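A.B. asks:
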Amino acid sequence: MPGFELWSDKERKEVNEVLETGILMRYGFDGPRKGIWKSKELEDAICQTFGSKYAQLTSSGTAALTTAMSALGIGYGDEVITPSFTFVASFEAILSVGAVPVFVDVDDTLTLAPDAVRKAITPQTKAIMPVHMCGSMADMDALLAICKEHKLILLEDACQSIGGTYKGKHLGTIGDAGSFSFDFVKTITCAEGGVVMTNREDIYLKSDGYTDHGHDHTGVDRGADLHPFIGYNYRISELHAAVGLAQIKRLDEFLSIQKKNHALLKNILAQVPEVSFRRIPDPEGDSCSFISWFLPTAAITAAVVIEMKAQGILPGNFYWYDNNWHYIRKWDHLKNAVTLNSLHPDLKARVIHHATKDFTASDAVMSRCISTAISLLWTEEQIKEKGEKMVHVIRKVLSVQSVSR
Ligand SMILES: *Cc1c(COP(=O)(O)O)cnc(C)c1O
Numbered sequence: 031m032p033g034f035e036l037w038s039d040k041e042r043k044e045v046n047e048v049l050e051t052g053i054l055m056r057y058g059f060d061g062p063r064k065g066i067w068k069s070k071e072l073e074d075a076i077c078q079t080f081g082s083k084y085a086q087l088t089s090s091g092t093a094a095l096t097t098a099m100s101a102l103g104i105g106y107g108d109e110v111i112t113p114s115f116t117f118v119a120s121f122e123a124i125l126s127v128g129a130v131p132v133f134v135d136v137d138d139t140l141t142l143a144p145d146a147v148r149k150a151i152t153p154q155t156k157a158i159m160p161v162h163m164c165g166s167m168a169d170m171d172a173l174l175a176i177c178k179e180h181k182l183i184l185l186e187d188a189c190q191s192i193g194g195t196y197k198g199k200h201l202g203t204i205g206d207a208g209s210f211s212f213d214f215v216k217t218i219t220c221a222e223g224g225v226v227m228t229n230r231e232d233i234y235l236k237s238d239g240y241t242d243h244g245h246d247h248t249g250v251d252r253g254a255d256l257h258p259f260i261g262y263n264y265r266i267s268e269l270h271a272a273v274g275l276a277q278i279k280r281l282d283e284f285l286s287i288q289k290k291n292h293a294l295l296k297n298i299l300a301q302v303p304e305v306s307f308r309r310i311p312d313p314e315g316d317s318c319s320f321i322s323w324f325l326p327t328a329a330i331t332a333a334v335v336i337e338m339k340a341q342g343i344l345p346g347n348f349y350w351y352d353n354n355w356h357y358i359r360k361w362d363h364l365k366n367a368v369t370l371n372s373l374h375p376d377l378k379a380r381v382i383h384h385a386t387k388d389f390t391a392s393d394a395v396m397s398r399c400i401s402t403a404i405s406l407l408w409t410e411e412q413i414k415e416k417g418e419k420m421v422h423v424i425r426k427v428l429s430v431q432s433v434s435r
């Protein structure tokens with residue numbers, strides 16, 4: 031899954047070019063930087079690689095989502111529909127612009143269930159933010175149709191699905207805007223970083239200013255830039271961009287290893303008829319950073335997790351249902367709206383209301399799901415051994431459960 035596994039001379043070389051000049055900032059210093067503009071180069075490479083018209087780098091994926099929301103005009107009191115299964119950063123970004131995260135059930139795609147999205151729409155709904163979790167995609171045709179019908183913004187959180195596609199288009203480039211994260215465990219990394227991708231010039235120009243204190247970046251003298259609106263500092267540094275530039279050139283290599291390893295492991299798991307796999311709206315577009323698989327019941331799944339742990343093969347396998355970073359069941363800080371700064375009481379009440387709704391439909395999916403992260407470093411032998419151990423555990427639990435029935 032993550033690019034850090036294959037750290038190489040290529041990354042070192044790009045970083046060293048920046049260290050030679052000592053110009054670590056992405057803007058200004060035109061003379062001393064000697065023509066080295068890593069952030070600019072990485073933005074161009076992102077546009078080329080993913081087929082986005084514009085790209086604005088940021089200091090993180092969370093900052094990219096926050097920037098995109100501001101640029102799209104999402105703010106106080108607006109409702110943003112987002113899934114019950116995602117990384118906490120998705121709702122952090124919504125809260126950071128004063129909007130309300132409206133959590134909606136996921137289905138067996140592990141992403142937004144379109145019917146549940148329709149039911150959640152109110153006059154306050156401003157945007158739908160699907161999250162392409164674990165390397166694969168939401169049902170984009172269904173979500174695009176809903177957005178069109180109700181005149182809603184579509185913002186893609188594609189942080190976990192770099193290199194995934196839907197009907198030929200890269201995830202993150204299909205909606206009004208989309209974002210990737212380049213944090214340390216993502217498919218390609220900058221150490222820390224993110225990007226807003228969009229085909230709309232207005233959204234790009236706003237994102238560009240917003241991430242740099244509102245600078246309009248039109249003059250030759252940074253000090254004389256105008257500030258048409260208030261921004262923040264969500265800039266990436268040249269050192270981080272240099273790492274990303276080396277990594278993006280290796281994306282095809284990473285994806286082909288990922289796909290090969292994914293296929294080998296999936297074939298082994300598929301020997302067990304009781305194991306089923308995540309539904310993928312466009313199977314060709316799976317980035318294959320994870321295999322997500324289901325067992326028949328929550329009890330069997332929990333028992334398999336316990337047995338995998340006992341046998342020392344749990345690392346790299348995620349039972350999200352019991353995990354406090356990715357699934358709503360354990361987001362107690364959110365359910366109580368525990369923030370350091372005070373929220374407007376009306377906003378706080380709405381946040382709590384939406385975080386504490388009934389998620390039985392999501393529970394029914396997530397309690398039976400295990401995701402296995404695909405390593406770029408595995409050998410074929412290791413995959414075989416790993417797969418066989420997993421199959422052994424699953425069969426053992428299934429036989430005990432059928433005896434006890
Ligand atoms: C990693 C991630 C983010 C945020 O990225 P950071 O760069 O770590 O801030 C947002 N959404 C999802 C789904 C992620 O996995």
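Per the numbering used here, the sequence shown starts with residue 31, numbered consecutively. Ideal Cβ positions, reconstructed from N, Cα and C, are used throughout, including at glycine. Only a predicted model underlies this, so the values are computations on that prediction, with no experimental measurement involved.
1. Assuming residue 288 and residue 318 form a contact by the criterion Cβ under 8 angstroms, report the distance between their Cβ atoms to the nearest whole angstrom.
2. Bridge partners of residue 387, per DSSP?
3. Pick out whichever of 305, 244 and 252 has its Cα sitting closest to the Cα of residue 262.
4. Rounding to the nearest angstrom, what Cα-Cα distance links residue 310 and residue 398 in this structure?
5. In whole angstroms, give me the CA-to-CA distance for residue 428 and residue 328.
6. Would you call the CB atoms of residue 407 and residue 44 closer than 7 angstroms?
7. Measure from the alpha carbon of residue 169 to the alpha carbon of each residue in 316, 334 and 387, then state which is nearest.
8. What three-state label does DSSP hand residue 331 in the structure shown?
9. For residue 420 and residue 133, I'd like the C-alpha separation in whole angstroms.
10. Say yes only if the C-beta of residue 119 is nearer than 6 angstroms to one or more non-hydrogen atoms of ligand 1, and no if none qualify.
11. Out of 294, 175, 425 and 182, which one is the CA nearest neighbour of residue 157?
12. My guess is that residue 184 and residue 206 are in contact by the Cβ rule of under 8 angstroms, so how many angstroms apart are they, rounded?
13. By alpha-carbon positions, which one of 343, 248 and 361 ends up nearest to residue 351?
14. Can you give me the Cβ contacts of residue 256 inside the same chain, cut-off strictly under 6 angstroms, excluding the 5 residues immediately before and after it?
15. Just checking, does the region 101–113 make contact with the region 144–160 on the three C-beta pairs under 8 angstroms criterion?
16. Would you kindly check if the distance between the Cβ of residue 114 and the Cβ of residue 358 is under 7 angstroms?
17. Mapping DSSP to helix, strand and coil, what is residue 304?
18. Can you confirm whether the region 218–238 touches the region 289–309 when touching is taken to mean that 3 or more C-beta pairs between the two stretches lie within less than 8 angstroms?
19. Following a CB-centred definition, is residue 86 positioned closer than 6 angstroms to any heavy atom of ligand 1?
20. Residue 85 and residue 71 - do their beta-carbons sit closer together than 7 angstroms?
C.D. replies: Looking at the atomic coordinates:
1. On the sequence shown, position 258 is the one that residue 288 refers to. On the sequence shown, position 288 is the one that residue 318 refers to. Right, the Cβ-Cβ distance comes to about 5 angstroms (below 8 angstroms), so this counts as a contact.
2. By 1-based counting over the sequence shown, the position of residue 387 is 357. Residue 387 pairs with nothing; no bridge assigned.
3. Reading the sequence shown from its first residue, position 232 is the one you call residue 262. Ranking the options by Cα distance to residue 262, first place goes to 244.
4. Here the question's residue 310 lines up with position 280 in the sequence shown. Here the question's residue 398 lines up with position 368 in the sequence shown. Going by the C-alpha atoms only, they are around 17 angstroms apart.
5. Here residue 428 corresponds to residue number 398 of the sequence shown, with the count starting at 1. Here residue 328 corresponds to residue number 298 of the sequence shown, with the count starting at 1. Approximately 12 angstroms, taken between the alpha carbons.
6. The residue given as residue 407 occupies position 377 in the sequence shown. The residue given as residue 44 occupies position 14 in the sequence shown. Inclusion of residue 407 and residue 44 in the CB contact set at 7 angstroms is not warranted, their separation being larger than that value.
7. Walking along the sequence shown from the start, residue 169 turns up at place 139. The shortest Cα separation from residue 169 among 316, 334 and 387 belongs to 316.
8. In the sequence shown, the residue the question calls residue 331 occupies position 301. Residue state, collapsed to three classes: helix.
9. Numbered from 1 along the sequence shown, position 390 holds the residue referred to as residue 420. Numbered from 1 along the sequence shown, position 103 holds the residue referred to as residue 133. C-alpha separation (whole angstroms): 33 angstroms.
10. Indexing the sequence shown from 1 puts residue 119 at position 89. Checking every heavy atom of ligand 1 against the Cβ of residue 119, one is found closer than 6 angstroms.
11. Numbered from 1 along the sequence shown, position 127 holds the residue referred to as residue 157. Cα-wise, what sits closest to residue 157 is 182.
12. For the purposes of this step, residue 184 is taken as residue 154 along the sequence shown, with counting starting at 1. For the purposes of this step, residue 206 is taken as residue 176 along the sequence shown, with counting starting at 1. Confirmed, Cβ separation roughly 6 angstroms.
13. Here the question's residue 351 lines up with position 321 in the sequence shown. Restricting attention to 343, 248 and 361, the CA atom closest to the CA of residue 351 is found in 361.
14. By one-based count along the sequence shown, residue 256 stands at place 226. These residues qualify, in order along the chain: 246.
15. yes
16. Position 328 of the sequence shown, counted from the start, is the residue given in the question as residue 358. Position 84 of the sequence shown, counted from the start, is the residue given in the question as residue 114. Taking 7 angstroms as the Cβ cut-off, residue 358 and residue 114 qualify as a contacting pair.
17. Taking the sequence shown and counting its residues from 1, one reaches residue 304 at position 274. In the structure shown, residue 304 sits in coil (DSSP, three-state: anything other than H, G, I, E or B).
18. no
19. Mapped onto the sequence shown, residue 86 falls at position 56. Flag unset: Cβ of residue 86 not near ligand 1.
20. To locate residue 71, count along the sequence shown from 1; it is residue 41. To locate residue 85, count along the sequence shown from 1; it is residue 55. Not a contact, by the Cβ cut-off of 7 angstroms.
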